[in-house]
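Undergrad:
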Amino acid sequence: MIDKEQFKKHGHQLIDWMADYIENVDQYPVKSQVEPGDIKSQLPDQAPNQAERFSEVWSDFQKIILPGVTHWQNPNFHAYFPANNSYPSILAEMIMTTMGAQCMIWETSPAAAELEEQVLGWLALEMAIPSNWSGVIQDTASTATLAAILTAREKASDFNINKQGFDTAHKFRVYCSTETHSSIDKAVRIAGLGSDNLVKVPVDDKLAMDTSALHTIIKKDMTNGYLPICVVSALGTTGTVAIDDVKTITAICKEHHIWHHIDAAYAGTALLLPEYHHWIEGIEDADSFVFNPHKWMFTNFDCTAYYVKDKEALIRTFEILPEYLKTGSRGVVNDYRDWGVPLGRRFRALKLWFVIRGFGVKGLRNKLRHHIALADWFHEQISDNADFEVVTPKVINMVVFRYAPTGIAESELDRLNEALVKQLNATGKIFISHTKVKGRYAIRMPIGQTNVEQHHIASSWDLICRTAMELSSS
Ligand SMILES: Cc1ncc(COP(=O)(O)O)c(C=O)c1O
Numbered sequence: 066m067i068d069k070e071q072f073k074k075h076g077h078q079l080i081d082w083m084a085d086y087i088e089n090v091d092q093y094p095v096k097s098q099v100e101p102g103d104i105k106s107q108l109p110d111q112a113p114n115q116a117e118r119f120s121e122v123w124s125d126f127q128k129i130i131l132p133g134v135t136h137w138q139n140p141n142f143h144a145y146f147p148a149n150n151s152y153p154s155i156l157a158e159m160i161m162t163t164m165g166a167q168c169m170i171w172e173t174s175p176a177a178a179e180l181e182e183q184v185l186g187w188l189a190l191e192m193a194i195p196s197n198w199s200g201v202i203q204d205t206a207s208t209a210t211l212a213a214i215l216t217a218r219e220k221a222s223d224f225n226i227n228k229q230g231f232d233t234a235h236k237f238r239v240y241c242s243t244e245t246h247s248s249i250d251k252a253v254r255i256a257g258l259g260s261d262n263l264v265k266v267p268v269d270d271k272l273a274m275d276t277s278a279l280h281t282i283i284k285k286d287m288t289n290g291y292l293p294i295c296v297v298s299a300l301g302t303t304g305t306v307a308i309d310d311v312k313t314i315t316a317i318c319k320e321h322h323i324w325h326h327i328d329a330a331y332a333g334t335a336l337l338l339p340e341y342h343h344w345i346e347g348i349e350d351a352d353s354f355v356f357n358p359h360k361w362m363f364t365n366f367d368c369t370a371y372y373v374k375d376k377e378a379l380i381r382t383f384e385i386l387p388e389y390l391k392t393g394s395r396g397v398v399n400d401y402r403d404w405g406v407p408l409g410r411r412f413r414a415l416k417l418w419f420v421i422r423g424f425g426v427k428g429l430r431n432k433l434r435h436h437i438a439l440a441d442w443f444h445e446q447i448s449d450n451a452d453f454e455v456v457t458p459k460v461i462n463m464v465v466f467r468y469a470p471t472g473i474a475e476s477e478l479d480r481l482n483e484a485l486v487k488q489l490n491a492t493g494k495i496f497i498s499h500t501k502v503k504g505r506y507a508i509r510m511p512i513g514q515t516n517v518e519q520h521h522i523a524s525s526w527d528l529i530c531r532t533a534m535e536l537s538s539s
């Protein structure tokens, strides 16, 4: 067992290690280079019976665990989307963990509930989210989207499915584009609506939802006896950060009384920049919006901001009141356990507060604009090089490209680019991932790691060019 003195001693050592780790994280291979089973084979089959010394655990962490970690905070991490952190966020996590407060209702930590309300209000104000909408922190965008679809379902059934379950009279439909994230498919399944009732609407040339196709499909479904209950638009698709036309989709939803949920998991952070506010023109007639500060807002995983216009409908969908949770302050304060799936809640608002105050809105904006400028530079290199091509228009800090030297067949280009990604990731100097655009293999490069700088992008570009050349000549 660790006592107070040991806690202090090891705690100080760990802080030193953490600071060095952050400073030197680009010295580690970005993507873990272990093989399947490598880590498990080094761990004993049984839990230790006797307490072990911290020094032993720490030594095994460095020897066994660390090589099996992918370093998401490495500035050369460009896979998926970033899940970035920052000093203020880490410090807040340390406090949260130390206090270990479980913030399910206002009474179990009034500061957590009131800070949550306030910081989400701050963000809404900066991001042009309507001031009459209410915010709540969820663990992930997947959970927030589930909350939106469940609320849409309950509203459409006059809150009867929660009570009586489904009957054959319910022929509900949900809509999203062919490019939206798989969390929509998952939410539709969990909500009991059935995957067959998730309609994937085709996309236009920019991979944004074809809104006239959406309208046609909705009207046809209504003629055939279906009840459209929710459209999920993507403000930044996962593959290429394509931006759906929120204004037109909102108008269609308003006309047919359909819940419009906006999934801005990644790109939503860009709304901190006023020059992107036009993306959500007309949002006041939509119903809900989600974005992940745990992706591009320097707030470590997990922290999702979910905003909803009709908070009463959300609460009515989730509220269950066992005797032991009845309090005198009900109705006067926000008991966030009623605003989503889990009962227990972490004090996530603390890290948002630390991050927003630690950077200042100006500091956050500067970082975002810096990342966008780095992506502009990278985009320029791709555009200017005859052997590479930009695959989809650049949106914020995402560049989608491929290696495409002349005279090579399309199918061979797919194979070449797949090999390029594999080879690059095996160097440990960069981690990138791919998508398919209209069936063809494309490389994604979001540039949003907290500490990424010009020299990182320049050496990545150099590495990409050299590796591509080697592959071509092999
Ligand atoms: C557009 C979009 N929506 C939802 C998600 C899911 O996010 P989370 O991991 O917070 O559930 C992602 C993840 O990358 C995403 O890109």
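Taking this note's numbering, I'd label the letters of the sequence shown as residues 66 to 539. Even for Gly, the Cβ is constructed at its ideal location relative to N, Cα and C.
1) Taking its Cβ as the centre, do 16 or more other Cβ atoms sit within 10 Å of R118, making it buried, or is it exposed?
2) Compute the beta-carbon to beta-carbon distance between I282 and V264, rounded to the nearest angstrom, for a pair I have assumed lies under 8 Å.
3) Let me check one thing: in DSSP terms, what residues is L485 bridge-paired to?
4) Answer yes or no: do F354 and I327 have a C-beta to C-beta separation smaller than 8 Å?
5) Work out the CA separation of N141 and V517 for me, nearest whole Å.
6) Would you call the stretch 229-241 and the stretch 188-199 in contact, with 3 or more CB pairs under 8 Å?
7) Under a three-way DSSP split, which group does R218 fall into?
8) Are Y401 and K360 close, meaning C-beta to C-beta below 8 Å?
9) Under the criterion of a Cβ to heavy atom distance below 7 Å, does N357 qualify as lining ligand 1?
10) Specify whether the stretch 337-346 and the stretch 166-173 touch according to this definition: at least 3 beta carbon pairs, one from each stretch, less than 8 Å apart.
11) Leaving out five residues before and five after F356 in sequence, what residues of the same chain have Cβ atoms less than 7 Å from its Cβ?
12) Which first and last residues belong to the beta strand (DSSP E) in which T369 is found?
13) Express the C-alpha separation of I314 and A351 in angstroms, rounding to a whole number.
14) Ignore the nearest five residues each way along the sequence and tell me which others in A116's own chain have a CB closer than 8 Å to its CB.
15) Just the Cα atoms here: how many angstroms apart are P147 and A299?
16) From this set, Q107, Q138, G259, T532, which residue's C-alpha is nearest E88's C-alpha?
17) If distances are taken between C-alpha atoms only, which option among I294, Q519, V253, F466 comes closest to A217?
18) Alpha carbon to alpha carbon, what distance is there between I308 and A206?
19) Tell me which residues share the same chain as T392 and place their Cβ nearer than 7 Å to its Cβ, disregarding the 5 neighbours each side in the sequence.
20) Assess, as a yes-or-no matter, whether the stretch 436-443 is touched by the stretch 504-519 under the definition of 3 or more beta carbon pairs within less than 8 Å.
21) Taking the straight line between their C-alpha atoms, what separation do you get for P470 and F453?
TA: So, from the listed chains and residues:
1) exposed
2) 6 Å
3) Beta-bridge pairing links L485 to no other residue.
4) yes
5) 7 Å
6) no
7) helix
8) no
9) yes
10) no
11) A329, A330, G333, T334, A370
12) 369-373
13) 9 Å
14) M66
15) 18 Å
16) Q138
17) I294
18) 17 Å
19) I170, E172
20) yes
21) 7 Å
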